[in-house]
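> Residue numbers for the sequence shown, in my numbering: 297 to 384. Every residue gets a Cβ at the ideal spot worked out from N, C-alpha and C, and that includes glycine. Quick caveat: nothing in here was measured; it's all calculated off a predicted structure. Just dropping this structure here.
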Amino acid sequence: MEDREIIENKETPECEIVKDVREIRHKISARFDHDVGQPVAHYQALEKKMRQSGKYRFADLPLERPKLSESADTEVGRLNGLKQWEKN
């Protein structure tokens with residue numbers, strides 16, 4: 297199926313899924329008065345409550361980015377140099 301068919305909303309199973317997802321997203325948006333900050337705050341509070349319950353395990357993100365080895369740093373620098381060369 298081509299993107300054009302989905303955009304033009306032809307009746308296909310994929311379009312029904314897109315329609316359902318949009319409907320659910322609209323309901324969630326309306327529930328929070330179409331304010332993006334409200335659902336974020338809601339889900340952050342829910343996460344806090346779930347963590348405090350002890351019933352669930354969470355994978356926390358590292359506080360800082362992992363450091364690349366020297367060889368990886370060299371490779372990244374080399375690739376960036378190639379990108380600069382391709383632009384010229």
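Under 8 Å by Cβ, that's how I've got Met346 and Tyr352 pegged, so tell me the actual separation to the nearest angstrom.
Taking the first residue of the sequence shown as 1, we reach residue 346 at position 50. Taking the first residue of the sequence shown as 1, we reach residue 352 at position 56. The pair is a contact, with the Cβ atoms about 5 Å apart (cut-off 8 Å).
> In chain order, what residues of the same chain have a beta carbon less than 6 Å from the beta carbon of Pro335, not counting five sequence neighbours either side?
Position 39 of the sequence shown, counted from the first residue, corresponds to residue 335. Phe328.
> Looking at the unbroken alpha helix (DSSP H) that takes in Tyr339, where does it start and where does it end?
Here residue 339 is taken as the residue at index 43 of the sequence shown, counted from 1. Segment 333-349, the alpha helix (DSSP H) holding Tyr339.
> With DSSP as the reference, label Glu310 as helix, strand or coil.
Locating residue 310 in the sequence shown gives position 14, counting from the first residue. Three-state DSSP puts Glu310 in a helix.
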